[in-house]
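Chains as they are written, first to last, in the working numbering: chain H, 1 to 506; chain S, 507 to 740; chain Y, 741 to 902.
The beta-carbon is built from N, C-alpha and C at its ideal position, and this holds for glycine as well.
Bear in mind that the values here come from a model prediction, so they are computed numbers and not experimental data.
One structure is given below, encoded as structure tokens.
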Amino acid sequence: MIEQAPALILLVPFFVSIFVALLGNRFQGICFPLSVLSLIGSVAASVTTLGRVINEGTIRYRLGGWEPPMGIEFRIDALNALVAVAVSGVGLLAAIYSKRAVLAETPDKVSQYYTLFLLLITGLLGMVITGDAFNLYVLLEVSALTSYALIAMGPKRATLAAYKYVIIGTIGASFYLLGVGYLYIKTGSLNMFDIHEQLIARDIFDSPAILVAFIVITVGVWIKMAFFPLHAWLPNSYAYAPTTSSAILGPLMTKVMIYVMIRLTFTVFGSDFAFIQLDWSDIIVWMSVVAILAGSISALAQTDLRKMLSFLIIAEVGYMVGGVWLADDMGLVGSIYHIIADAFMTLCVFLFAGIIFVKTGKRDITALDGLFTKMPLTMVGLLVGAFSLIGIPPTAGFFSKWYLIQGGVASGHWEYVIALLISSLINAVLFFRIIEIAYFGVKPAEGHGHHDSDTHESGPNEASFSMLFPLLATAAALLVIGLYNQDIVAIISSFVSQFNFGVIGI
Amino acid sequence: MSAVSDFPDWGDPNSPANSYRLSQHYVTETIHETSVPNMVTAVLADYRGYDTMFETVVIFTAGIAIIGILRRFGNDDKDAAKPTLYTKKPDLIIDTTCRLMIPIIQLFALYVIAHGHHSPGGGFQGGVIFGASFILLAVSRDLQAAQKWVPEKRILNLAGIGVLIYAGFGLGSLLLGQNFLDYAILHKIMPATPIEARSHSMLGVEIGVAFTVTAIMFSIYSNLASNGSMKEGL
Amino acid sequence: MEIFEAISAKFNFWIYIIIMMIGLYAMIAKNNLIKKLIGMSIFQTAIILFYVSIGVKDGASIPILYHDQVHPEHHDESHGDHSAHSPSTDGHDSHAAEDRYLPELVVDGNDFANPLPHVLMLTAIVVGVSTLGVGLAVTQKVYREYGSIEESEILEMIKSGK
Chain H
1 MIEQAPALIL LVPFFVSIFV ALLGNRFQGI CFPLSVLSLI GSVAASVTTL
51 GRVINEGTIR YRLGGWEPPM GIEFRIDALN ALVAVAVSGV GLLAAIYSKR
101 AVLAETPDKV SQYYTLFLLL ITGLLGMVIT GDAFNLYVLL EVSALTSYAL
151 IAMGPKRATL AAYKYVIIGT IGASFYLLGV GYLYIKTGSL NMFDIHEQLI
201 ARDIFDSPAI LVAFIVITVG VWIKMAFFPL HAWLPNSYAY APTTSSAILG
251 PLMTKVMIYV MIRLTFTVFG SDFAFIQLDW SDIIVWMSVV AILAGSISAL
301 AQTDLRKMLS FLIIAEVGYM VGGVWLADDM GLVGSIYHII ADAFMTLCVF
351 LFAGIIFVKT GKRDITALDG LFTKMPLTMV GLLVGAFSLI GIPPTAGFFS
401 KWYLIQGGVA SGHWEYVIAL LISSLINAVL FFRIIEIAYF GVKPAEGHGH
451 HDSDTHESGP NEASFSMLFP LLATAAALLV IGLYNQDIVA IISSFVSQFN
501 FGVIGI
Chain S
507 MSAVSDFPDW GDPNSPANSY RLSQHYVTET IHETSVPNMV TAVLADYRGY
557 DTMFETVVIF TAGIAIIGIL RRFGNDDKDA AKPTLYTKKP DLIIDTTCRL
607 MIPIIQLFAL YVIAHGHHSP GGGFQGGVIF GASFILLAVS RDLQAAQKWV
657 PEKRILNLAG IGVLIYAGFG LGSLLLGQNF LDYAILHKIM PATPIEARSH
707 SMLGVEIGVA FTVTAIMFSI YSNLASNGSM KEGL
Chain Y
741 MEIFEAISAK FNFWIYIIIM MIGLYAMIAK NNLIKKLIGM SIFQTAIILF
791 YVSIGVKDGA SIPILYHDQV HPEHHDESHG DHSAHSPSTD GHDSHAAEDR
841 YLPELVVDGN DFANPLPHVL MLTAIVVGVS TLGVGLAVTQ KVYREYGSIE
891 ESEILEMIKS GK
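See below:
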């Protein structure tokens, strides 16, 4: 069975999603336990795969038993395996959280919701482990369609946001498809590794078609990950979607797209092409600086909790794109590490926002009024997430920022370092504002809405266990990722070290 | 879009896409390796079968997504208040024509599905045609009449079973000790040689695809046409 | 004349670019949500056209082997017009017979069009249909919630409503 672990990573949630669709209407109670069980299976399979990758190196899994350029293959190296573990882990935690939230928010469509939820995770995992450029497109569409639906199942404002997402997401995916077509027309292959070999063998790196393919693919992926000038779809979609949807889409969708960008830039085009021949790293790092600052400053202006967090995601995307394009080992390590750390910290804060929304029915940050006394454990979860987003030492966020800053210094991109620091400061301001409200309460003049849905006494009134557990588990994961950063970085380095960034740098 | 100047000419057999061993292999070796004369079907359902499985999943997802977005369960006051427009008996000409057409369409759809690896056709095409026959019924009578034939629950079960048939072939090969979707190993449980097993599995897979496509096409139509209430169509 | 030749020899790519730009324009500039979806559909169709045109080979047939080739014993069964393409004479038995179906059959790669783009586009068409369906469903829900499918009107409503 261990031989089949790579396939089982995504087959388990896939099969279960079909069963949920078939049986869920009749037996609504089985949706939740089946989903959680399948994701536990997926986590187990991906951890097994990660273990094998560490011991044996790259794993290749041929689907249908065909030779790679003919058939489709999974090629799993340290990068894939690590991201797959993060994706399935985040999926599992969000699934546990979903138990109450789905019943509260979409009561008559539970089975549809879980089917789409599992298919979304299947699509994301498939994107992470596949080694075929076109297959990536298909799975991109699986995850895109499910996320449109998961957002549109929300309340009124969510539908318009979902519509925008449909249009913009389709442009992004179509650009990606077009870029793959350009690569296919020049190389005749669709397997990522084979495309790279063909590019070298035919020596067509300086052909305009390859350049256009690179631009088109990169822009397509940027649209999907909401890199700053192309981010318009994100904040409203994530802010108004059902809370489980934003708890799963917020952490995963953008991170997986960043993984896709790294994979395509390094594996398909190669670092020589992207960094030496094109030499665009200055421009793109500047763009990411703008993204970081714009995201952070927009977040400052929000009073809606989830909208504020959505803008933080845009800033975080800026971190990672910038980190990749620093053209420096440390920057790349930092970016990959940040994918994992950020998946968990975004999950943490979105779970918090979801709990608050389900508990109080309000999306404003005034809903947090006096929460320290009412929900002490929930606030502990938030504190860890907030510290991680700010970058306070024992948490994962500190170490990823540390590597990113090192990369920025080593490659001489001081503007990036400064933007990172400013953004951390803004995060600190944002979260201390939340903590202040939660600890000291809102001033009486603003303390409206305290009476309408509020029937609970002043004593502790925690969220239910199924909501609290994933939040605290995520917080614990953040600490673990932070404390074991050396081991994780060792795994990442085994991926990064195969690329030489040549003479770039200072 | 200056890259056009770099592309090969129209219909150039020596362009990289056409001359690379990938395409050549598909053209020259398909018959030997899978015993299927239709290369498109062979590449679709076997060489790139994993893609096609998720293609089926895309359709399935779309169906579930549309139900998730639009469907309104239970009695909605707004619909109940609306006077029904379809009390009149259906027009004789339309009714007779559809009675004649629908069986023929369905027969043709079955032919397209079953003959997919010898001539142009396959699960997607046949499934769409089959779904169209139900849509024709819904258009010519009304949605209720079509619902009698294919109620919503049956539609969903059909769609799920279709995906399961496809994935089941993959799972079967996985359980027999080969990689996912490696149909050749299925010769152990099929009366065929390994190569013919690929061909037979492709037929099975196409039938699964056809189930899903048929069901979801009608489901999409009926949800969109009735604005999610499943009561009255166009 | 050279420019004319350069354009005409690659006319498929020019056509697809024009169609794609029409679609992109509709997606961005139109105010009506349904028109935007139509633009999206055109945009995707352009890409499908692009892919399919890659697979064309001069003088090649559709990528399905002829009945005569697969079943040589039924040669007399009214497939006469294809017989010109039936297997040519260079018969070198290269592979062992037992693991290959019809080992004596030799297929000339230039006789048949490239099947791969067709397969890819079958997938892309399905994806396009699904996206269009979901897009229409979302639009219907927008209409149900706001009573309008003109983007500017809806934005106006949101501004005044909140």
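Starting from the beta carbon of residue i, find every residue of chain S whose beta carbon is closer than 8 angstroms, and list them in chain order.
i: residue 277/H; result: Chain S residues near residue 277/H: none, gap ~16 angstroms exceeds 8 angstroms.
i: residue 783/Y; result: Correct list: empty, because the minimum Cβ distance to chain S is about 14 angstroms.
i: residue 768/Y; result: Here the premise fails: no neighbours, minimum Cβ distance about 17 angstroms.
How far does the beta strand (DSSP E) with residue i in it reach, from first residue to last?
i: residue 26/H; result: Here residue 26/H belongs to no beta strand (DSSP E), and DSSP marks it neither H nor E.
i: residue 350/H; result: Not the beta strand (DSSP E): residue 350/H falls in the alpha helix (DSSP H), residues 329-360.
i: residue 61/H; result: 59-62
i: residue 73/H; result: 73-76
Residues of chain Y with CB closer than 8 angstroms to the CB of residue i, please, in chain order.
i: residue 561/S; result: 862, 863, 866 and 867
i: residue 567/S; result: 870
Could you name the residues of the same chain whose beta carbon sits closer than 8 angstroms to that of residue i, not counting the 5 residues immediately before and after it, in chain order?
i: residue 47/H; result: 85
i: residue 821/Y; result: Bear in mind that a pLDDT of 39 at residue 821/Y, under 50, signals an unreliable position, so the model cannot answer this.
i: residue 324/H; result: 258, 261, 262, 265, 331, 332 and 335
i: residue 744/Y; result: none
Can you list, in chain order, the residues of its chain with a C-beta nearer than 7 angstroms to that of residue i? Leave out the 5 residues immediately preceding and following it.
i: residue 635/S; result: 611, 614, 615 and 618
i: residue 817/Y; result: Per-residue confidence for residue 817/Y stands at a pLDDT of 41, beneath the threshold of 50, marking its modelled position as unreliable; no derived number is given.
i: residue 493/H; result: 333
i: residue 479/H; result: 384, 394 and 395
i: residue 45/H; result: 5, 8, 9 and 12
i: residue 608/S; result: 639, 642 and 643
i: residue 889/Y; result: 772, 773, 774, 879, 882 and 883
Take residue i and list the residues in its own chain whose beta-carbon comes closer than 6 angstroms to its own, dropping the five residues that flank it on each side.
i: residue 294/H; result: 228
i: residue 406/H; result: 330
i: residue 750/Y; result: none
i: residue 620/S; result: none
i: residue 794/Y; result: 857
Since residue i meets chain S, which of its residues come closer than 7 angstroms, beta carbon to beta carbon?
i: residue 882/Y; result: Within 7 angstroms Cβ-Cβ: nothing; residue 882/Y doesn't reach chain S, min ~10 angstroms.
Listing by chain order, which chain Y residues have their CB less than 9 angstroms from the CB of residue i?
i: residue 575/S; result: 874, 877, 878, 880 and 881
Which first and last residues belong to the alpha helix (DSSP H) in which residue i is found?
i: residue 248/H; result: 243-263
i: residue 776/Y; result: 773-794
i: residue 767/Y; result: 751-769
i: residue 294/H; result: 281-300
i: residue 423/H; result: 414-440
i: residue 385/H; result: 376-390
i: residue 544/S; result: Segment: none, residue 544/S is in no alpha helix (DSSP H) and carries neither H nor E.
i: residue 153/H; result: Premise fails: residue 153/H is in no alpha helix (DSSP H) and is neither H nor E.
i: residue 498/H; result: No alpha helix (DSSP H) contains residue 498/H, which DSSP labels as neither H nor E.
i: residue 55/H; result: 31-56
i: residue 880/Y; result: 855-886
i: residue 278/H; result: Careful: residue 278/H lies outside any alpha helix (DSSP H) and carries neither H nor E.
i: residue 466/H; result: 465-483
Give me the chain H residues within the contact set of residue i, using Cβ-Cβ distance strictly less than 9 angstroms, ordered along the chain.
i: residue 852/Y; result: Residues of chain H passing the Cβ test: none, with the nearest at roughly 16 angstroms.
i: residue 780/Y; result: 166, 167, 170, 171 and 174
i: residue 957/Y; result: This structure gives no information on residue 957/Y, because the portion of chain Y shown stretches from 741 to 902.
Below 7 angstroms on C-beta distance, what does residue i contact in chain H?
i: residue 791/Y; result: 181
i: residue 885/Y; result: 156 and 159
For a contact meaning CB atoms closer than 8 angstroms, what does residue i contact in chain H?
i: residue 870/Y; result: 141 and 145
Name the chain Y residues whose beta carbon is nearer than 7 angstroms to that of residue i?
i: residue 549/S; result: 855, 856 and 859
Please list the partners that residue i has in chain S, where partner means a Cβ-to-Cβ separation under 9 angstroms.
i: residue 561/H; result: Shown here, chain H extends from 1 to 506; a query on residue 561/H therefore has no answer.
Problem - Inter-stretch contact (C-beta, 8 angstroms, three-pair minimum) for the stretch 110-125 of chain H and the stretch 240-250 of chain H - result: Output reads yes: the stretch 240-250 of chain H touches the stretch 110-125 of chain H.
Handout entry: At least 3 beta-carbon pairs within less than 8 angstroms: the stretch 542-552 of chain S vs the stretch 706-715 of chain S
Key = Because the criterion of three Cβ pairs below 8 angstroms is met, the stretch 542-552 of chain S and the stretch 706-715 of chain S touch.
Practice task
Could you tell me whether the stretch 749-766 of chain Y touches the stretch 668-676 of chain S, where touching means 3 or more Cβ pairs closer than 8 angstroms?
Solution key: Judged by pairs of C-beta atoms under 8 angstroms, the stretch 749-766 of chain Y does not touch the stretch 668-676 of chain S, as fewer than three such pairs exist.
Exercise for the section: Determine, using beta-carbon pairs with one atom in the stretch 352-368 of chain H and one in the stretch 425-438 of chain H, whether at least three such pairs fall under 8 angstroms. Expected result: Cβ pair count under 8 angstroms is three or more, so yes.
Exercise for the section: Only counting runs of 4 or more residues, tell me where the alpha helix (DSSP H) segments fall wholly within the stretch 655-714 of chain S, in order along the chain. Expected result: As summarised for the stretch 655-714 of chain S, the continuous alpha helix (DSSP H) elements at least 4 residues long and confined to that stretch are 658-681, given in chain order.
Practice task
Answer yes if the stretch 197-217 of chain H comes into contact with the stretch 298-306 of chain H, meaning at least three C-beta pairs across the two stretches below 8 angstroms, and no otherwise.
Solution key: Touching, no.
Exercise for the section: At 4 residues or longer, and completely inside the stretch 188-212 of chain H: list those alpha helix (DSSP H) runs for me, N to C. Expected result: Restricted to the stretch 188-212 of chain H, the alpha helix (DSSP H) segments that are unbroken, complete and at least 4 residues in length are 192-202, listed in chain order.
Exercise for the section: Spell out a yes or no on whether the stretch 868-887 of chain Y and the stretch 721-735 of chain S are touching, meaning 3 or more CB-CB pairs, one atom from each, closer than 8 angstroms. Expected result: As far as the Cβ criterion goes, the stretch 868-887 of chain Y touches the stretch 721-735 of chain S, which means the pair count is three or higher.
Exercise for the section: For the stretch 54-68 of chain H and the stretch 466-480 of chain H, state whether three or more C-beta atom pairs, one from each stretch, are separated by less than 8 angstroms. Expected result: With the cut-off at 8 angstroms, the stretch 54-68 of chain H and the stretch 466-480 of chain H do not touch.
Practice task
Report yes or no: do the stretch 87-96 of chain H and the stretch 59-71 of chain H share at least 3 C-beta pairs separated by less than 8 angstroms?
Solution key: Too few Cβ pairs lie closer than 8 angstroms, so no.
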